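In the numbering used here, the protein residues as written are 15 to 413.
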Amino acid sequence: MLLSATLLAFGNLPAQAQSSAVNVPVAQGSLSPSTQVWPSDPRRKADGTKWRLGYYEGGQYKDYETILKATVRGLAALGWIEPISLPSANDPQAGGFWRWLSANVKSDYIDFPADGYYASGNFDKIRRPKVRAELLQRLNERRDLDLVLALGTWAGQDLSSADLRTPVVVASTSDPVGSKIIVSEADSGHDYLNAKVEPQRYARQVELFDDIFHFKRLGLVYEDSPEGRTFAAVDDIRRLGDERSFEVVPCFAPFNDIAQEEAEAKVIACYEDIATKVDAVYITVHRGLNETSLPKALAPLTENRIPTFSMLGETEVKAGALMSVAQSDYLYVGRFHAETIAKIFNGALPRELPQIWQAPAKIALNLRTADAIGYAPSVDILLATDEIFSANQGPATAP
């Protein structure tokens with residue numbers, strides 16, 4: 015496949031939001047997406063009170079807060095909350111940013127109750143069923159939350175397997191269909207449920223990466239579990255390897271039920287291990303990768319002149335990965351989720367609405383890393399690049 019064709023594949027669907035509805039019963043059978051256009055204008059509940067949001071996450075993965083911040087910015091852009099300057103850094107405390115929102119957001123339409131935050135510890139399998147039960151009891155008995163944002167696969171699975179009347183919007187999942195959160199791209203399977211789907215998102219990233227470097231041995235680091243393989247899109251990448259004649263070279267690094275320090279050490283060790291065994295690396299999402307550990311994980315790859323592509327996005331390119339798909343600070347996906355919430359509060363039924371969303375086709379590129387590994391990007395690559403970083407600190411002016 016030509017590079018231009020692969021880039022076009024990233025943008026073949028509109029980057030727009032389609033959303034969901036309020037306190038609805040579960041229906042049987044399958045529904046097709048509705049063609050009705052739902053408004054996203056700010057409005058209060060029928061009784062004149064504000065809408066109350068809840069939040070559920072499996073653990074403190076950095077992408078969750080990033081997506082939440084982008085969603086808040088989207089709500090502000092739509093007029094549901096007043097314009098607000100959000101903290102640039104992630105809050106190190108579990109639920110810290112949610113509590114910050116509760117104390118600082120000003121809105122005539124929405125509340126972020128401080129006690130509306132739920133988490134299964136930090137990906138703690140033992141705590142998970144207890145926290146799920148507590149949240150479900152609140153949703154089924156107290157019914158004082160009008161919508162729950164479910165961030166990540168664990169949260170999506172926990173709330174998609176319950177019969178609820180409270181709308182649930184699932185975000186930041188690698189594969190909501192494969193992880194059985196929703197039944198298909200077209201149908202969530204529950205009237206109350208809506209989950210963003212990006213069909214073949216990670217396979218298309220690897221296609222783009224292969225079009226540029228034509229690698230024969232691609233390194234992947236992930237936890238060797240059903241969840242770990244889903245997070246890393248292993249099945250899609252192996253299928254692509256068969257089609258394109260490259261070998262997937264795995265290294266297993268656990269992230270569940272271990273301390274954060276151990277997760278970081280395991281993932282760093284894996285990247286050190288595969289640095290001499292592959293000719294390219296696809297950096298998968300992993301709890302052990304963060305601002306502290308990522309440079310250590312990238313160091314042996316750069317030293318061995320291995321090109322890297324970040325599954326997560328430009329935040330890791332800024333930190334030293336060679337390239338990724340530019341997310342524009344998650345502006346578009348945040349607007350998608352904000353419009354979903356807004357349409358829910360305007361009466362849309364979640365299950366009836368489309369869930370497919372596609373990111374704009376742009377590349378993020380770190381020129382410092384390119385120089386370090388001896389890679390000179392072509393004119394086509396530079397023209398397709400939306401975010402260019404000349405150092406591991408911030409973006410430079412694009413040529």
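Heads up, the beta-carbon is just placed ideally off N, CA and C, and yes, glycines get one too.
Here the structure is a predicted model, which is why all the values come from computation and not from measurement.
**Message:** So, under 8 angstroms CB-CB, A311 and Y285 are touching, yes? Tell me the CB distance rounded to an integer number of Å.
**Reply:** Yes, A311 and Y285 are in contact; Cβ-Cβ is about 4 angstroms, under 8 angstroms.
**Message:** So A340 and K376 are supposed to be a Cβ contact under 8 angstroms. How far apart are they, rounded?
**Reply:** 4 angstroms
**Request:** Determine the extent of the beta strand (DSSP E) in which E71 is found, giving its start and end residues.
**Result:** 65-71
**Request:** Assign A60 to one of two classes, buried (16 or more other C-beta atoms within 10 Å of its C-beta) or exposed (fewer than that).
**Result:** exposed
**Item:** Contacts around R142, its chain only, beta-carbon distance under 6 angstroms, and the 5 residues preceding and following it disregarded
**Value:** S134
**Asked** Three-state secondary structure (DSSP) at V86?
**Response** helix
**Message:** Once the 5 residues before and after W94 are set aside, which same chain residues still bring their CB inside 7 angstroms of it?
**Reply:** P56, S121, Y123, I124, A356
**Item:** Close beta carbons around I282, own chain, < 7 angstroms, minus the five adjacent residues each side
**Value:** S307, K310, A311
**Message:** For the alpha helix (DSSP H) containing E317, name the first residue and the last one.
**Reply:** Element bounds for E317: 307-317.
**Request:** Return the Cβ separation of G109 and Y131 in integer angstroms, given the expectation that the two are a contact with Cβ distance under 8 angstroms.
**Result:** 4 angstroms
**Message:** Just to confirm the assignment: which complete alpha helix (DSSP H) runs, minimum length 4, are found wholly within the stretch 264-338?
**Reply:** Secondary structure within the stretch 264-338: the alpha helix (DSSP H) runs of 4 or more consecutive residues, fully enclosed, are 274-288, 307-317, 328-332 (chain order).
**Item:** Anticipated Cβ contact below 8 angstroms, V183 with N208, distance rounded
**Value:** Contact between V183 and N208 holds, with the beta-carbon distance rounding to 6 angstroms and staying under 8 angstroms.
**Message:** Suppose only complete runs of 3+ residues qualify. What are the beta strand (DSSP E) ranges in the stretch 155-225, listed by chain order?
**Reply:** You should have 161-165, 182-185, 207-209.
**Prompt:** When the Cα atoms are used, what is the spatial distance from R365 to F266?
**Reply:** 37 angstroms
**Message:** Using a 10 Å radius around the Cβ and a threshold of 16 neighbouring Cβ atoms, would you call I140 buried or exposed?
**Reply:** exposed
**Request:** Please classify T322: is it buried, with 16 or more other beta-carbons within 10 angstroms of its beta-carbon, or exposed?
**Result:** Buried.
**Message:** Rounding to the nearest angstrom, what Cα-Cα distance links E71 and R258 in this structure?
**Reply:** 36 angstroms
**A247 vs A217 beta-carbon contact at 8 angstroms** = yes
**Prompt:** Which of the three DSSP states, helix, strand or coil, is assigned to S392?
**Reply:** Coil at S392, not helix or strand.
**Item:** Separation of L326 from D400, as counted between CA atoms
**Value:** 16 angstroms
**Message:** Quick check on DSSP: helix, strand or coil for E96?
**Reply:** coil
**Asked** Tell me which same chain residues have a C-beta within less than 8 angstroms of the C-beta of E96, skipping the five on either side of it?
**Response** A90, V119, K120, S121
**Request:** State the CB to CB distance for the pair L159 and G62, rounded to an integer number of angstroms; the pair is presumed to be in contact (CB under 8 angstroms).
**Result:** That pair is no contact at about 18 angstroms.
**Request:** Give the single residue among P240, A362, D394, P101 whose Cα lies nearest to the Cα of S54.
**Result:** Among P240, A362, D394, P101, the Cα nearest to that of S54 is on A362.
**Request:** Consult DSSP for Y136 and reduce its assignment to one of helix, strand or coil.
**Result:** It should be noted that the sequence gives Asn, not Tyr, for residue 136. Judged by DSSP in its simplified three-state form, N136 adopts coil rather than helix or strand.
**Request:** Name the two residues that bound the continuous alpha helix (DSSP H) containing A147.
**Result:** 142-151
**Item:** Helix, strand or coil at S342 [DSSP, three-state]
**Value:** helix
**Asked** If L165 sits next to I81, beta carbons under 8 angstroms apart, how far is it from one beta carbon to the other, in whole angstroms?
**Response** 7 angstroms
**Prompt:** Is P264 closer than 8 angstroms to Y236 when the C-beta atoms are compared?
**Reply:** yes
**Asked** If you follow the alpha helix (DSSP H) that L363 is part of, which residue opens it and which one closes it?
**Response** In the DSSP assignment, L363 falls outside any alpha helix (DSSP H) and carries neither an H nor an E.
**Prompt:** What residues in its chain sit with their C-beta under 6 angstroms from that of L150, if we drop five residues either side in the sequence?
**Reply:** A176
**Request:** Go ahead and label S188 buried or exposed: buried means 16 or more other beta carbons lie within 10 angstroms of its beta carbon, across all protein chains shown.
**Result:** Result: buried.
**Prompt:** Can the beta-carbon of A289 be found closer than 8 angstroms to that of I320?
**Reply:** Between A289 and I320, the C-beta spacing is below 8 angstroms.
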